[in-house]
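Residue numbering for the sequence shown follows the working numbering, starting at 3 and increasing by one per position.
The structure appears below as structure tokens.
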Amino acid sequence: MTNAIPKAVLIGMPGAGKTRIGQDVASVLNVEFKDSDVEIEAREQTKIPQIFEERGEKAFRIIESDVILGFMHGFGGVLSLGGGAPMTDSVCAALERYVDEGGVVAYLDADPSEAIARASRSGNRPLLADGAAKKWRRLYAERKPVFEHLANLIVHTKGKTPMQAAQNIADTANERVVHVDGAEPYDVRIGSHVVNHLADVLGDKPVKIAMIHTTPVQRHSDRVRTLLRRAGYDVSDITIPDAEAGKTIEVANGIWKRLGEEGFTRSDAVVGLGGGAATDLAGFVAATWMRGIRYVNCPTSLLAMVDASTGGKTGINTEAGKNLVGSFYTPAGVLADLTTLGTLPNDIFVEGLGEVAKSGFIMDTEILHILEENAEALRTFDPANITPELESVIAELIERTVRVKAHHVSADLKEKGLREFLNYGHTMGHAIEKLEHFRWRHGNGVAVGMVYAAELANILGYIDRDLVDYHRSLLRSLGLPTSWNDGSFDDVLALMHKDKKARGKMLRFVVLDRPGHVVHLDNPPADAVEEAFRRIQK
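See below:
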């Protein structure tokens, strides 16, 4: 036996379709399916009605519990439970632990008339032997509150084909959830179709939704708008310029004007949809409108999924520099829907790998190993040909990177210490972006910035030459730049002094002292700062 837990556990009333839908879920996920009733009969070598008749319900529940608990660890497939199983205390407790471990308990809430008809046709339901309809409804009244308490996914099967219901469960089973602690905790959900959770994350409070997005994500904004309107929200569609051109005071002012004209109040909300610039701006608008209204981020680029959408850092650019005006303001949730990567151009995907690699260098070195092993597939990313294997790799990289960020921001929302370590490579990276008038994308700037930080650390004796060379070789293997030749040191130095980590006239950098560990470097010698710059010009 292994430490695996089921991909999903299905619960529900007799006749809800747990066996058929469970088989379809297992097929979609390419895993094994088990039905607890079938397993009981196989173990006891007799039919369930006979067990009830000869030994009684109490004895049956003991057998049932033993069989189910045996599958809760060591079985990595899909498990369907008998209708009354969750009513047993031991099974109920096991399901609660399973959910805490990240498992999916899917409650199939079937139409009563349909379920009663199906249950009545079966000769294997001893509690419904006579007067099926009346008994079914009595049991339904008793069990439904328990089912709803245990389930972290409720699937209303009426109007759905078994495969449609199964796909819903399979998508959820493949989700990864990262919890971000702090004064206002929230979850980052990662997986295909997670944007379907948007109405749940927004909740009942908002009436109007300002959906802020860019033109390139039109296909995704159409989908989100439909989801919101179906959920009963009044949606204001607000399109902004793409990339850093959308992160300006002029764009923000235009949105504030529109929110005022359309009567947005504190009971309303903002949804940010797009890349990192779009989610930065959406968060800034939400933070400043009426001193803060609810917002949810739906990142559509790899960079936004691993960086900008999480952590509550919102802002706009000014003539003085990047992100110098902003606010720390946490979202109600983040929905990183992997299906949006299917429309992401290769170069925009690859630049996001810069932030992924950063998280590997500063904390989770397993990220670096995953990047090494999959460098070619990631570098040649083709949105039209994302295999299940590559999607799984990408999902793991996103989850690990978000966990690194969550670790830092949960303890230091307002960037007074620990959170600054997330800025590895950013001091030089932001300077490059500014001097290139934001023609360079953020992840590319950070890649060169990490090489600069590694060179600086090597010059001052923090790390050896091999680690500097490893920065260059890994980043190059991913298709990221490792040098920059288009600016003067004086211009770079002036922008470094405007960096948010700077203290007065003192420069402050984040550097490695070993793989997976960073330290602050305060006021390094001027000649070392310049020499490191010369080394990235090669």
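Glycine is no exception: its CB is placed at the ideal position from the N, C-alpha and C atoms.
Asked: Which term fits Arg510, buried or exposed, when burial requires 16 or more other beta carbons within 10 angstroms of its beta carbon?; Found: buried
Asked: Counting only the same chain and skipping the five closest in sequence on each side, list residues whose C-beta sits under 7 Å from that of Ile318.; Found: Lys249, Thr250, Ile251, Ala254, Leu283, Phe286, Val327 and Gly328
Asked: Taking 7 Å as the threshold (C-beta atoms), are Met15 and Ala117 in contact?; Found: yes
Asked: When the Cα of Ala10 is compared with those of Leu476, Gln169, Val69 and Ala143, which residue comes out closest?; Found: Gln169
Asked: At a cut of 8 Å, does the region 427-444 reach the region 492-501 through at least three beta carbon pairs?; Found: yes
Asked: Kindly identify the DSSP beta-bridge partner or partners of Met213.; Found: Asp239 and Val273
Asked: Does the Cβ-Cβ distance between Leu340 and Ser223 come in under 7 Å?; Found: no
Asked: Only counting the same chain, and skipping five residues up and downstream in sequence, which positions put a Cβ closer than 6 Å to that of Met3?; Found: Only weak support is given to the placement of Met3: the predicted model assigns it a pLDDT of 36, under 50, and the value that follows is read from those uncertain coordinates. Only Gly76 meet the Cβ criterion.
Asked: Consult DSSP for Ser303 and reduce its assignment to one of helix, strand or coil.; Found: coil
Asked: With a CB to CB cut of under 7 Å and the five nearest residues on each side skipped, what residues in its chain are close to Val30?; Found: Ala168, Gln169 and Ala172
Asked: So which of Glu457, Arg63, Lys20 and Pro301 has the shortest CA-CA distance to Tyr109?; Found: Lys20
Asked: Could you please give the first and the last residue of the uninterrupted alpha helix (DSSP H) stretch that includes Arg443?; Found: It is not in any alpha helix (DSSP H) - Arg443 carries neither H nor E in the DSSP assignment.
Asked: Use the C-beta contact count for Ile7: other C-beta atoms within 10 angstroms, 16 or more gives buried, fewer gives exposed.; Found: buried
Asked: Just mark Thr90 as buried or exposed, buried being the case when its beta carbon has 16 or more other beta carbons within 10 Å.; Found: buried
Asked: Near Phe351, what residues of its chain come up, given a Cβ to Cβ distance below 6 Å and the 5 sequence neighbours on each side ignored?; Found: Leu304 and Phe383
Asked: To the nearest whole angstrom, what separates the beta carbons of Ala359 and Leu477, a pair I think is in contact under 8 Å?; Found: 6 Å
Asked: How long is the line joining the alpha carbons of Gly265 and Gly278, rounded to whole angstroms?; Found: 27 Å
Asked: Name the residue from Ile465, Ile53, Arg225 and Leu12 whose alpha carbon lies nearest to the alpha carbon of Ser38.; Found: Leu12
Asked: Taking buried to mean at least 16 other C-beta atoms within 10 Å of its own C-beta, is Asn32 buried or exposed?; Found: exposed
Asked: Which residue's Cα is closest to the Cα of Gly262: Leu275, Asp244 and Ala288?; Found: Ala288
Asked: For the 8 Å Cβ check, are there 3 or more pairs between the region 396-413 and the region 442-450?; Found: no
Asked: Just reading off the alpha helix (DSSP H) that Thr250 is part of, what are its end residues?; Found: Counting along the chain, Thr250 falls outside any alpha helix (DSSP H), and DSSP gives it neither H nor E.
Asked: With a threshold of 8 Å, are at least 3 pairs of Cβ atoms found where one atom belongs to the region 357-372 and the other to the region 387-407?; Found: yes
Asked: From the DSSP output, which residues share a beta bridge with Tyr373?; Found: It is Leu, not Tyr, that sits at residue 373 in the sequence shown. In the DSSP output, where bridge partners are listed per residue, Leu373 has none listed.
Asked: Under 7 Å, do Ala175 and Val107 count as touching if we go by C-beta distance?; Found: no
Asked: Does the beta-carbon of Gly431, which I'm using as the reference point, lie nearer than 6 Å to any heavy atom of the ligand MN?; Found: By its list of ligands, the structure shown contains no ligand whatsoever, and the ligand MN lies outside what it can speak to.
Asked: So, under 8 Å CB-CB, Ile42 and Val69 are touching, yes? Tell me the CB distance rounded to an integer number of Å.; Found: 5 Å
Asked: Which partner residues does Tyr188 have in the DSSP bridge list?; Found: Val182
Asked: Quick check on DSSP: helix, strand or coil for Asp524?; Found: strand
Asked: Would a C-beta distance cut-off of 7 Å place Pro390 and Leu346 closer than the cut-off?; Found: no
Asked: Measure the C-alpha to C-alpha separation of Ile192 and Leu337 and round it to an integer number of angstroms.; Found: 6 Å
Asked: Starting from Ser82, trace the beta strand (DSSP E) both ways and give me its first and last residue.; Found: Val80 to Ser82
Asked: Along the chain, where does the alpha helix (DSSP H) containing Lys9 start, and where does it finish?; Found: Unbroken run through Lys9: none, as it is neither H nor E.
Asked: When you compare only the Cα positions, how much space is there between Arg178 and Thr216?; Found: 26 Å
Asked: Report the CB separation of Ser485 from Val450 in whole angstroms; it is logged as a contact under 8 Å.; Found: 7 Å
Asked: Could you check if Arg467 is buried or exposed, using at least 16 other CB atoms within 10 Å of its CB as the buried criterion?; Found: exposed
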